[in-house]
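One structure below.
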Amino acid sequence: MVEGKVHIFDTTLRDGEQVPGCKLNTKEKVELALKLEELGVDIIEAGFPVSSPGDFESVNQISRIIKNTIVCGLTRAVQKDIEVAAEALKPAARPRIHTGIGSSDNHIKYKFNSTREKILERAIEAVKLARNFVDDVEFYAEDAGRADLSFLAKLTEEVIKAGATVINIPDTTGFCLPHQYAEKMAYLKNNVPNIDKAILSCHCHNDLGLATANSIAGAIAGARQIECTINGIGERAGNTSLEEVVMTIRKHPELDLYTDIDPKKLLPISRLVSETMRMVVQPNKAVVGDNAFSHSSGIHQDGFLKEASTYEIIAPEEVGADTSKIVLTARSGRSALAYRFKNLGYEFDRNQVDELYNRFLKLADSKKEINDKDLVLLAESIGALA
Ligand code: KIV
Ligand code: ZN
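In this note's numbering, the protein residues as written are 216 to 601.
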């Protein structure tokens, strides 16, 4: 049986930072890297060192400061990239070079104007060169989501022979369906003779909103690393969201998978990344969105107030959020209204609640949300004092 630990490879500082407007300076990157280490990620992809002197500096500073977590630098299958990444990673206690090249016929033809044979040679050379500098080399087969399976298997076998320790199977364009992505992983597990010498990694983009589902499907099929970002930020529609995969794995013990992430730190780091990168988190975002623990319709509120598990599979404290919220709108019910009045110190009998509820509905139809001030005015309108 494959061991159940799923390594969490955080690429917020690399794939996440590629988002327009989200660029970070070295100080910001170092601060976030320290928080990622506290969160419990296994690998921090700190940047793409050859891309700019600033990113070289960031990877280098992070390498100096991070003591336990693997620090990784991205390269293309290009000699200079690999040499520069090795230099940036020199101070790291546990350095990893992440090198790779396009693997789909689309990329081979249009990006590289090359052939499968030549791409295979470049991949092998890149991994061998990287292994001269570090023991831990991850190879990415870019656009593996659309690559020919037998070529992908050959590429995987050869780069493992050349010394790759992790094989990243990116669904670069977010194209795959979960069962297709899982089949790719299973095929590699069953058809690459030396696959036991490497870890398979999921790297999914969210163009069809399937990044989390695909990553989980990949892990069920045998991958033991998931590449993800805080809040799911990243190129175009983003990457797999770290908080979503971590909580999916936690909520499904039957998968026999686990991560070393401290879930209580998920909300604080989500807020920090959002502020530092100036990138708002959508309110309905799973796990960390503002509405993730809000209940606003009468049916849900009534059930939730009787027993939280009727409408919540995650307790807010589990991910570091304060409490669940009962939001009052024109869709809310009497029990929610009475609950919110009680929190403000009011106790009403049944008749008073009925009267207040009628007044509340009139007001709620004219406003998006009823706040505490509105409630005090409503209570005063029937002569009540807290
Ligand atoms: O999406 C992708 O293919 C990547 C690789 C560079 C790993 O980000
Ligand atoms: Zn990517």
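By construction, the Cβ of each residue, glycine as well, lies at the ideal position given by its N, Cα and C atoms.
- Relative to the C-alpha of Leu616, which residue among Asp230, Ser266, Ser319, Gly447 is closest? This structure leaves residue 616 out entirely; the chain is present only between 216 and 601.
- Message: Can you check which of these residues, Glu533, Ile297, Phe348, His322, is closest to Asp477 by C-alpha distance?
- Response: Nearest option by C-alpha distance: Glu533.
- Query: Who does His313 pair with in a DSSP beta bridge?
  - Reply: Per DSSP, Leu289, Glu353.
- Message: Taking its Cβ as the centre, do 16 or more other Cβ atoms sit within 10 Å of Ala530, making it buried, or is it exposed?
- Response: Ala530 should be labelled exposed.
- Query: If you count every other CB in all the chains shown that lies within 10 Å of the CB of Met216, and 16 or more means buried, which is it?
  - Reply: Because the pLDDT of Met216 is 44, which lies under 50, any placement of that residue in the model is unreliable, and the number read from its coordinates should be weighed accordingly. Exposed.
- Query: How many whole angstroms separate the CB atoms of Asp261 and Lys250, which I take to be in contact at a CB cut-off of 8 Å?
  - Reply: Here residue 261 turns out to be Ala, not Asp, going by the sequence shown. About 13 Å separates the CB atoms of Ala261 and Lys250; that is not less than 8 Å, and the two are not in contact.
- Item | Sequence-distant residues of its chain with Cβ nearer than 6 Å to Ala377 (five each side left out) | Contacts found: Ile339, Val342, Lys343.
- Message: Spatial neighbours of Asn409 within its chain, please: C-beta separation below 8 Å, excluding the five flanking residues on both sides.
- Response: Cβ neighbours of Asn409 beyond the five flanking positions: Glu372, Ile375, Lys376.
- Query: Any chance the region 491 to 505 sits against the region 520 to 528, with 3 or more Cβ pairs inside 8 Å?
  - Reply: Judged by pairs of C-beta atoms under 8 Å, the region 491 to 505 does not touch the region 520 to 528, as fewer than three such pairs exist.
- Out of Ser266, Pro306, Asn283, state which residue places its alpha-carbon closest to the alpha-carbon of Leu289. Minimum Cα distance to Leu289 is reached at Ser266.
- Under the criterion of a Cβ to heavy atom distance below 6 Å, does Pro625 qualify as lining ligand 1? Missing from the structure shown is residue 625; the chain here goes from 216 to 601 and no further.
- Answer with buried or exposed for Gly560, where buried requires no fewer than 16 other C-beta atoms within 10 angstroms of its C-beta. A residue is called buried once 16 or more other Cβ atoms fall within 10 Å of its Cβ, and Gly560, having fewer, is exposed.
- What is the C-beta distance between Ala379 and Ala413, in whole angstroms, given that I count them as a contact (C-beta under 8 Å)? Contact flag correct, Cβ pair sits at about 6 Å.
- Asn454 to Asp422 span [Cα, whole Å]: One C-alpha to the other measures close to 9 Å.
- Item | Cα-Cα separation, Ile384 to Ile316 | About 11 Å.
- For Ile541, which residues of its own chain have a beta-carbon under 7 Å away from its beta-carbon, when the five flanking residues on both sides are left out? Excluding its 5 nearest sequence neighbours in each direction, Ile541 has C-beta neighbours in its own chain below 7 Å: His510, Gln516, Ala551, Tyr554, Arg555, listed in chain order.
- Task: State the CB to CB distance for the pair Ser278 and Ala303, rounded to an integer number of angstroms; the pair is presumed to be in contact (CB under 8 Å).
- Result: In this structure, Ser278 and Ala303 form a Cβ contact; the two beta carbons are roughly 7 Å apart against a cut-off of 8 Å.
- Message: Bridge partners for Thr330 per DSSP, in chain order?
- Response: According to DSSP, which records beta bridges pairwise, Thr330 is partnered with nothing at all.
- Task: Within the same chain, show all residues whose beta-carbon is closer than 8 Å to that of Asn283, passing over the 5 residues directly before and after it, in chain order.
- Result: In its chain, beyond the 5 residues on either side, Glu252, Ala308, Arg309 have a beta carbon closer than 8 Å to the beta carbon of Asn283.
- Query: Taking Cβ positions, are Pro264 and Val274 nearer each other than 7 Å?
  - Reply: One thing to note: Pro264 has its Cβ within 7 Å of the Cβ of Val274.
- Message: Would Glu458 and Leu481 qualify as a contact pair, given that the criterion is a beta-carbon distance under 7 Å?
- Response: Closer than 7 Å, so yes.
- Please classify Thr544: does DSSP put it in a helix, a strand, or coil? In this structure, Thr544 counts as coil in the three-state DSSP scheme.
- Message: For Gly262, report the span of its beta strand (DSSP E) as first-last.
- Response: DSSP places Gly262 in the uninterrupted beta strand (DSSP E) bounded by 258 to 262.
- Roughly how many angstroms separate the alpha carbons of Leu335 and Leu364, rounded to a whole number? Between Leu335 and Leu364, the C-alpha separation is close to 14 Å.
- Query: Cβ atoms of Val461 and Thr474: under 7 Å apart, would you say?
  - Reply: Yes, these two residues count as a Cβ contact at 7 Å.
- Would you call the CB atoms of Ala434 and Ala397 closer than 7 Å? The Cβ-Cβ distance between Ala434 and Ala397 does not fall below 7 Å.
- Message: At 4 residues or longer, what runs of the alpha helix (DSSP H) sit wholly inside the region 531 to 578?
- Response: Entirely contained in the region 531 to 578, the alpha helix (DSSP H) runs reaching 4 residues are, in chain order, 549 to 558.
- Could you say which of Leu425, Asp471, Leu472, Ser430 lies nearest to Ala452 if we only look at CA atoms? That would be Leu425, whose Cα lies nearest to the Cα of Ala452.
- Between Glu357 and ligand 1, is the CB less than 6 Å from at least one heavy atom? Checking every heavy atom of ligand 1 against the Cβ of Glu357, one is found closer than 6 Å.
- Task: Determine, using beta carbons only, whether Glu469 and Thr226 come nearer to each other than 7 Å.
- Result: Not closer than 7 Å, so no.
- Message: Do Leu228 and Ile484 have their beta-carbon atoms positioned less than 7 Å apart in this structure?
- Response: Leu228 is positioned such that its CB atom lies no closer than 7 Å to that of Ile484.
- Item | Per-residue burial, Leu592 [other beta carbons within 10 Å of its own, 16 or more giving buried] | It is exposed - the Cβ of Leu592 has fewer than 16 other Cβ atoms within 10 Å.
- Query: How should Val495 be labelled, buried or exposed, when 16 other C-beta atoms within 10 angstroms of its C-beta is the threshold for buried?
  - Reply: So Val495 ends up on the exposed side.
- Task: Sort Asp230, Ile223, Arg331 by Cα distance to Ser416 and report the nearest one.
- Result: Ranking the options by Cα distance to Ser416, first place goes to Ile223.
- Label Gly219 either buried or exposed according to how many other C-beta atoms from any shown protein chain fall within 10 Å of its C-beta, with 16 as the threshold for buried. Burial call: exposed.
- Count the other C-beta atoms from every protein chain shown that fall within 10 angstroms of the C-beta of Leu543, then say buried if there are 16 or more, exposed otherwise. Residue burial annotation: Leu543 is buried, with at least 16 other C-beta atoms found within 10 angstroms of its C-beta.
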